[in-house]
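The sequence shown begins at 43 in my numbering and counts up one residue at a time.
Cβ atoms here follow ideal geometry from the backbone N, Cα and C, with glycine treated the same way.
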Amino acid sequence: MVLYIELLKSVLYGIVQGVTEWLPISSTGHMILLDEFVHFECTPAFWNTFLVVVQLGSILAVVALYFHRLNPFSSKKDRNERVDTITLWIKIVIACIPAGVLGILFDEAIERISTAVVVAAALIVYGVAFLVLERQDRRPRINTMGHLNAKTAFLIGAFQCLSLVPGTSRSGSTILGASILGCSRQVASEFSFFLAIPVMLGASFLRLLKVGFAFSAAEWAVLLTGAGVAFLVSLLAIRFLLAYIRKHDFTVFGWYRIALGLLVLGYFYLAK
């Protein structure tokens with residue numbers, strides 16, 4: 043009976059992870075709130091591993107959805123298409139450098155500042171930033187991935203460094219940065235998805251090295267359930283976002299972030 047309950051908790055966390063990882067609303071903020079109400083009966087090592095594994099489920103969704111587009115060795119591509127794919131990967135790697143370097147240097151410091159107040163502040167600040175951005179009369183100059191050059195990719199990567207502050211949202215910082223730099227919503231969102239592959243895989247690998255894999259069969263069942271649910275929900279969340287931004291802007295996400303930030307502040311203030 044206990045295992046069934048833990049599996050249900052895993053499903054719930056997988057749903058939250060799958061939705062919030064790709065929308066610019068901060069998966070960290072949602073996970074902190076959820077953890078206040080739904081706890082796993084587990085060790086700290088298992089909890090840290092669960093957060094990594096459920097994240098990997100989300101990453102696999104991007105790989106599945108964009109496998110052909112991101113595969114430079116596809117037999118269905120001609121020479122020019124393969125060159126374009128390799129060029130895209132070069133831009134992705136370039137964009138990953140800033141956050142990769144800072145993430146390694148300040149990993150422990152980042153964990154120490156992961157508090158409810160910091161998360162709430164980041165949610166509100168970047169929520170306001172999205173509202174300000176969408177009130178500007180801007181005309182995107184980068185409407186396809188081919189128009190995105192290496193310099194702009196690196197600058198988007200610099201914006202991604204903001205996501206090292208808990209509550210900022212990795213997708214939120216990259217989408218916001220790419221939009222400011224002149225990318226269309228479509229390009230900004232898709233490039234954010236692509237950046238997640240090496241960044242999140244690298245971060246997950248480093249954390250797994252710290253905590254290891256020594257778990258029971260029941261614990262592995264919980265881990266894989268969370269990852270599987272996150273994978274399936276991520277497929278839906280990514281498709282939803284791409285369909286939504288064809289007709290709408292990011293304003294609703296800005297208001298949502300502000301509301302969530304105030305909710306986090308209110309809850310932890312009243313809880314004291």
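Determine the burial state of L237: buried for a count of at least 16 other Cβ atoms within 10 Å of its Cβ, exposed for fewer. buried
Assign A195 to buried or exposed, taking buried as 16 or more other Cβ atoms, counted over all protein chains shown, within 10 Å of its Cβ. buried
Bridge partners of C225, per DSSP? I184
Kindly indicate which three-state DSSP category A162 falls into: helix, strand or coil? helix
Hey, T293 and L173 are a contact pair by Cβ (cut 8 Å); roughly how many whole angstroms apart? 6 Å
For a test of the three-state rule: what should DSSP assign to I287, helix, strand or coil? coil
How about the segment 159-176 and the segment 303-310: do they share at least three Cβ pairs that are nearer than 8 Å? yes
Measuring CB to CB, does C225 end up less than 9 Å from P140? no
What would DSSP say about V53, mapped onto helix, strand or coil? helix
Given a threshold of 16 other Cβ atoms within 10 Å of its Cβ, counted over all protein chains shown, does G188 qualify as buried or as exposed? exposed
Please name the residue, chosen from L283, L265 and K289, that lies closest to I56 on a Cα-to-Cα basis. Note on identity: in this sequence residue 56 is Gly, with Ile being the wrong assignment. The shortest C-alpha separation from G56 is found at L265.
Once DSSP output is grouped into helix, strand and coil, what is the label at L307? helix
Any heavy atom of the ligand GDP closer than 8 Å to the CB of F282? The ligand GDP is not among the ligands present in this structure, which contains no ligands whatsoever.
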